[in-house]
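A.B. asks:
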Amino acid sequence: MSTNVQDIHEDHHHTPSGLMRWITTTNHKDIGSLYLWFSLLMFFVGGFMALIIRAELFEPGLQLVVPGFFNQMTTMHALIMIFGAVMPAFVGLANWQIPIMIGAPDMALPRLNNWSFWILPFAFTMLLSTLFFDSGGPAAGWTLYPPLSLQGGNSMPFVILSIHLLGISSILGAINVIATILNMRAPGMTLMKMPIFIWTWLITAFLLIAAMPVLAGAITMLLTDRFFGTSFFTASGGGDPVMFQHIFWFFGHPEVYILILPAFGIVSTIIPAFSRKKLFGYDSMVYATASIALLSFIVWAHHMFTVGMPLAGEIFFMLTTMLIAVPTGIKVFNWVATMWRGSMTFETPMLFALAFIILFTIGGFSGLMLAMTPADFQYHDTYFVVAHFHYVLVPGAVFAIIAAVYYWLPKWTGKMYSESLGKLHFWLTTIFVNLTFFPMHFVGLAGMPRRIPDYPVQFADFNAIASVGAFGFGLSQLLFIYILYNTLKRDVTAEDKVWDGAEGLEWTLSSPPPYHSFEKAPRVE
Amino acid sequence: MKRIIYLLALVLPSQILADWQVNMPRGVTPTSEIAYDIHMLMFWVTVVIGVLVFGAMIYSIIYHRKSVGHQPAKFHESTKVEIIWTVIPFLILVACAIPATKALIMMEDTSDAGITLKVTGYQWMWEYEYLEDGVNFFSKIDNKSNNARRLNSGKDVNNVENYLRNVDNEVVLPTDTKVRLLLTASDVIHAWWVPELGGKKDAIPGYVNELWINIKKPGVYRGACAELCGKDHGFMPIVVRAVPKLEYEKWVSLKKDNRVAESQNIGR
Ligand code: HEM
Ligand SMILES: [Cu+2]
Ligand SMILES: [Cu+2]
Chain X
1 MSTNVQDIHE DHHHTPSGLM RWITTTNHKD IGSLYLWFSL LMFFVGGFMA
51 LIIRAELFEP GLQLVVPGFF NQMTTMHALI MIFGAVMPAF VGLANWQIPI
101 MIGAPDMALP RLNNWSFWIL PFAFTMLLST LFFDSGGPAA GWTLYPPLSL
151 QGGNSMPFVI LSIHLLGISS ILGAINVIAT ILNMRAPGMT LMKMPIFIWT
201 WLITAFLLIA AMPVLAGAIT MLLTDRFFGT SFFTASGGGD PVMFQHIFWF
251 FGHPEVYILI LPAFGIVSTI IPAFSRKKLF GYDSMVYATA SIALLSFIVW
301 AHHMFTVGMP LAGEIFFMLT TMLIAVPTGI KVFNWVATMW RGSMTFETPM
351 LFALAFIILF TIGGFSGLML AMTPADFQYH DTYFVVAHFH YVLVPGAVFA
401 IIAAVYYWLP KWTGKMYSES LGKLHFWLTT IFVNLTFFPM HFVGLAGMPR
451 RIPDYPVQFA DFNAIASVGA FGFGLSQLLF IYILYNTLKR DVTAEDKVWD
501 GAEGLEWTLS SPPPYHSFEK APRVE
Chain D
1 MKRIIYLLAL VLPSQILADW QVNMPRGVTP TSEIAYDIHM LMFWVTVVIG
51 VLVFGAMIYS IIYHRKSVGH QPAKFHESTK VEIIWTVIPF LILVACAIPA
101 TKALIMMEDT SDAGITLKVT GYQWMWEYEY LEDGVNFFSK IDNKSNNARR
151 LNSGKDVNNV ENYLRNVDNE VVLPTDTKVR LLLTASDVIH AWWVPELGGK
201 KDAIPGYVNE LWINIKKPGV YRGACAELCG KDHGFMPIVV RAVPKLEYEK
251 WVSLKKDNRV AESQNIGR
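Protein chains in written order, with the working numbering: chain X, 1 to 525; chain D, 1 to 268.
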């Protein structure tokens, strides 16, 4: 052990400075920061595309863009937000937090860690560059359904290669997370004593390793269909377009849980801290997370109830999907029970976590409605689905990420953010997010299909409201940038134990923590 | 409050033509009605659960806060309540699953249909073939909408009647008749959907999917393609005119006569 510590110290003295420091870094905090900044950049790139979409949909008729470009925007927006914003943000949080929460000096595989980050800028440069091709970027939706996706222009091989790179990056990151959690916990920290955020990330990492190769297989078959004369998915060559959807959603549904399980972990960390009460039902939280992860592999076809499955298939996927609501419900009940008879205060991270519970649950409710096959025949591919997944992803996953940033930022930087600005950010964000996405339920039920650049005039009013909300939401996030800048510039130092109700090893370290977090492993009782 | 709503209405475009429909239409077929019933059942189930859960949460936020001097309790687990809130939701779900499964069985039963209509999706129009009656035609967006929808068309779409909801050739179907639709596509995947006639079904190249409708009320019902099918996906509406059986038969023979006349014209 002591020789190990020596080695690490040696490394430390050779650390280059300036740009090379960031390119060659193997330090978990540096890499965590890179991931988080990159993710923030992608939020704005993807957000900009969303605003183009909402500007075009502000009123009926085409005013700004042609339909082909509109479809490129919806496709790119989704790919950027899922693979560029939400997933890297969670990996960034994992990098920063896992070592300091389990009492380790760094991640288990630091060089791999460097590589999994630095793949991302190349992958996204390639993906975004397709927008400047003569034939434009991908326009078949993020789900890339053939035969439509096979009609795309020259962008297709570039998009597929970049998704492959993102998959490799995710898998490497997941391997690192698993290796770190299973091997580097402080003595005394048994699995069932791990912080809940660590548990959710461990399970997420297994989901990533299981799901990403499936996506890789599906898009490789698309590639060979297009360029090498195979016809996996082309009916005229004996292939099956529906098969692609099965493979895609076998990846796709676990993917949506990859996007939410770490968020569950964050909220399960923040709610007890500001309720000054231990998390209610820790064990059942762990089991619920694990069962959600397992169930997520047998529900995929609820995304394709309208493709004409046999009756038995429709019934099976309806029932399994409904079943997922049980462990999801357990989580929500446990959060409320944690707050119950606590001693709550409402700092910014807590506000975002509370909004998460309510708004994510609303997304869960619409999920439950969508699970009912007879009704889904009506909901499917309408704005009702758009409302559902934005509720679980924006005030769900994204709110959890923002909450985590406010919660741990003082620890990371040693500086305290401005609480009043943080609260302002919270209220603006929460109001606008609902203004944007709630009316989408209405137009969806009234019959507005998704992925259309123009719509009949009967949907005009709710669409105008949603567009106003979207611009308000986007502008409010500029305040977030300012708050981050302001925190770094301010002279308000944070204590080591920033929040009086918080528990965990990270609060025993200084703020900011030392370069090699825990050089000596702490003992956990 | 009223004043704010008026103000908002002034700011919003096209408020005269727009309506504020917020719910799924109940529709005019057995399948659309059952979809609506399941939808409302689930809606109310989630409302009740929501009121209970959010109610407890809001109560807790108001009374269990530090600023009113509330001291934190020490409890943090209870197998009993965990079991309760696993079993009760499970039972609620079972109660919902039973009518849903029944509905599904009914919706998927396409047997004993009176007439069969084959629908083929193209980029970007529909082809309709009445298999028994030998009528067939293409149907695409009408010219008025199609001209107005272009970028910089200079036309105010609010003045176009049934903007994006009108076609050149309507589908005519008899009421009180079980109609079996056979759906397929020639290029990419489309989906045929008229909300008031019930759910949608994908039209997939190489597949023939089935869907049945039985329209109870004469009228004009409008829908659209529901699966992204390329750049003009937003511009392939569907219009179904439901008429009493006798009228339908007249329409069929008229169509056929036209057909014969046309072919004779070409022959000459
Ligand atoms: C109670 C839990 C949930 C249930 C029962 C549920 C159910 C469903 C169903 C049935 C659909 C398909 C709707 C359709 O296309 O007709 C759907 C779509 C979707 N859900 Fe959920 N969901 C749940 C939670 C989540 C969570 C936690 C996320 C992600 C954080 C999520 C993200 C999505 C996304 C992204 C789509 C749309 C994908 C697409 O077509 O592009 N859902 N959900
Ligand atoms: Cu799913
Ligand atoms: Cu379409």
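Glycine residues also receive a C-beta, built at the ideal position from the N, C-alpha and C atoms.
1) Please list, in chain order, the chain A residues whose beta carbon lies closer than 9 Å to that of alanine 261 of chain D.
2) If you run the structure through DSSP and keep just helix, strand and coil, what is phenylalanine 244 of chain X?
3) Taking C-beta to C-beta, are proline 241 of chain X and lysine 231 of chain D nearer than 7 Å?
4) Can you list, in chain order, the residues of its chain with a C-beta nearer than 7 Å to that of alanine 108 of chain X? Leave out the 5 residues immediately preceding and following it.
5) Is there a C-beta anywhere in chain X that falls below 7 Å from the one on tryptophan 212 of chain D?
6) Let me know the secondary structure DSSP gives valine 53 of chain D once reduced to three states.
7) If you reduce the DSSP assignment to three classes, tell me which class tyrosine 391 of chain X lands in.
8) Can you find a heavy atom of ligand 1 that lies under 6 Å from the Cβ of glycine 364 of chain X?
9) At a threshold of 6 Å, does glycine 217 of chain X count as lining ligand 4 (C-beta to nearest heavy atom)?
10) Could you name the residues of the same chain whose beta carbon sits closer than 8 Å to that of leucine 64 of chain X, not counting the 5 residues immediately before and after it, in chain order?
11) Under 6 Å from any heavy atom of ligand 1, does the C-beta of threonine 328 of chain X make it?
12) Taking Cβ positions, are threonine 289 of chain X and isoleucine 198 of chain X nearer each other than 7 Å?
13) Please list, in chain order, all residues of the same chain as proline 99 of chain X whose beta carbon is under 8 Å from its beta carbon, the five residues on each side excluded.
14) When you compare the segment 501 to 521 of chain X with the segment 402 to 421 of chain X, are there three or more beta-carbon pairs, one atom per stretch, that lie closer than 8 Å?
15) By the DSSP assignment, the beta strand (DSSP E) with cysteine 229 of chain D in it spans what residues?
16) Compute the distance between the beta-carbons of valine 299 of chain X and histidine 246 of chain X, then report whether it is under 7 Å.
17) Taking all protein chains shown into account, decide if methionine 192 of chain X is buried (16 or more other Cβ within 10 angstroms of its Cβ) or exposed.
18) Cβ closer than 7 Å: which chain D residues qualify as neighbours of glycine 84 of chain X?
19) Report yes if the C-beta of cysteine 225 of chain D is less than 6 Å from at least one heavy atom of ligand 3; otherwise report no.
20) Please state whether DSSP places isoleucine 53 of chain X in a helix, a strand or coil.
21) Going straight from the alpha carbon of alanine 185 of chain D to that of arginine 26 of chain D, what length do you get?
22) If we call anything under 7 Å between Cβ atoms a contact, is serine 39 of chain X one with proline 88 of chain X?
23) May I ask you to list, following chain order, the residues of the segment 292 to 310 of chain X that have a beta carbon less than 7 Å from some beta carbon of chain D?
24) Run through the DSSP bridge pairs and tell me what asparagine 152 of chain D is partnered with.
25) Mind listing the chain D neighbours of glutamine 97 of chain X? Cutoff is C-beta to C-beta under 7 Å, in chain order.
26) Classify phenylalanine 426 of chain X: buried if its beta carbon has 16 or more other beta carbons within 10 angstroms, exposed otherwise.
27) Any idea if threonine 3 of chain X is buried or exposed, counting beta-carbon neighbours within 10 angstroms, 16 or more meaning buried?
28) Could you check if asparagine 143 of chain D is buried or exposed, using at least 16 other CB atoms within 10 Å of its CB as the buried criterion?
29) Can you give me the start and stop residues for the alpha helix (DSSP H) that lysine 217 of chain D sits inside?
30) Could you check which residue in X/Ala293, X/Pro147, X/Met304 and X/Gln458 has the C-alpha nearest to that of asparagine 162 of chain D?
31) Between isoleucine 215 of chain D and chain X, is the shortest Cβ-Cβ distance under 7 Å, so that the two count as touching?
32) Can you find at least 3 beta carbon pairs, one from the segment 191 to 207 of chain D and one from the segment 486 to 500 of chain X, that sit closer than 8 Å?
33) Give the C-beta separation of valine 240 of chain D and valine 194 of chain D to the nearest angstrom, bearing in mind that I take them to be a contact with Cβ-Cβ under 8 Å.
34) For my contact list, methionine 350 of chain X and isoleucine 270 of chain X are in at a C-beta cut-off of 8 Å; report their separation, rounded to the angstrom.
35) Quick one: list the residues of chain X neighbouring proline 174 of chain D, beta-carbon separation under 8 Å, in chain order.
36) Could one say the Cβ of tryptophan 142 of chain X lies closer than 7 Å to chain D's Cβ atoms, at least one of them?
C.D. replies: The short version:
1) Checking the listed chains, one finds no chain A in this structure; the protein chains it contains are X and D.
2) When DSSP states are grouped into helix, strand and coil, phenylalanine 244 of chain X belongs to the helix group.
3) The answer is no: Cβ separation not under 7 Å.
4) Within the same chain, alanine 108 of chain X has close Cβ partners Asn176, Ala179, Thr180, Asn183 and Met184.
5) The beta carbon of tryptophan 212 of chain D sits no closer than 7 Å to any beta carbon of chain X.
6) In the structure shown, valine 53 of chain D falls within a helical segment according to DSSP collapsed to helix, strand and coil.
7) Correct three-state label for tyrosine 391 of chain X: helix.
8) Distances taken from the Cβ of glycine 364 of chain X to the heavy atoms of ligand 1 include one shorter than 6 Å.
9) In the structure on display, ligand 4 does not appear, and the ligands it does have are ligand 1, ligand 2 and ligand 3.
10) The beta carbon of leucine 64 of chain X sits closer than 8 Å to those of Ile52, Ala55 and Glu56, all from its chain and outside the five residues before and after it, given in chain order.
11) Result yes, Cβ under 6 Å from ligand 1.
12) The answer is no: Cβ separation not under 7 Å.
13) Hits under 8 Å: His28, Pro105, Asp106, Met107, Thr180, Met184, Ser517 and Phe518.
14) Because the criterion of three Cβ pairs below 8 Å is met, the segment 501 to 521 of chain X and the segment 402 to 421 of chain X touch.
15) It is not in any beta strand (DSSP E) - cysteine 229 of chain D carries neither H nor E in the DSSP assignment.
16) Cβ atoms of valine 299 of chain X and histidine 246 of chain X: not closer than 7 Å.
17) That one is exposed.
18) Result: empty, since nearest Cβ-Cβ is about 22 Å, beyond 7 Å.
19) Yes, the beta carbon of cysteine 225 of chain D sits closer than 6 Å to at least one heavy atom of ligand 3.
20) Reduced to three states, the DSSP call for isoleucine 53 of chain X is helix.
21) The C-alpha of alanine 185 of chain D lies about 28 Å from the C-alpha of arginine 26 of chain D.
22) Taking 7 Å as the Cβ cut-off, serine 39 of chain X and proline 88 of chain X qualify as a contacting pair.
23) Listed by position along the chain: Thr306, Val307 and Gly308.
24) None; asparagine 152 of chain D has no bridge partner.
25) None at all; the shortest Cβ gap to chain D is about 22 Å.
26) Around the beta carbon of phenylalanine 426 of chain X, a 10 Å sphere encloses 16 or more other beta carbons of the protein chains shown; the residue is thus reported as buried.
27) The predicted position of threonine 3 of chain X is uncertain, since its pLDDT is 39 and thus under 50; a value taken from the coordinates is nonetheless stated next. Under this definition threonine 3 of chain X is an exposed residue.
28) By the Cβ neighbour-count rule, asparagine 143 of chain D is exposed, with fewer than 16 other Cβ atoms within 10 Å of its own.
29) First-last for lysine 217 of chain D: undefined, no H or E at that position.
30) Of X/Ala293, X/Pro147, X/Met304 and X/Gln458, the residue nearest in Cα terms is X/Gln458.
31) No Cβ of chain X is located within less than 7 Å of the beta carbon of isoleucine 215 of chain D.
32) No, the segment 191 to 207 of chain D does not touch the segment 486 to 500 of chain X.
33) With a Cβ gap of about 6 Å, valine 240 of chain D and valine 194 of chain D count as contacting.
34) Confirmed, about 6 Å.
35) For a Cβ distance threshold of 8 Å, nothing in chain X lies close to proline 174 of chain D: the least Cβ distance comes to about 23 Å.
36) No, because no Cβ of chain D sits closer than 7 Å to the Cβ of tryptophan 142 of chain X.
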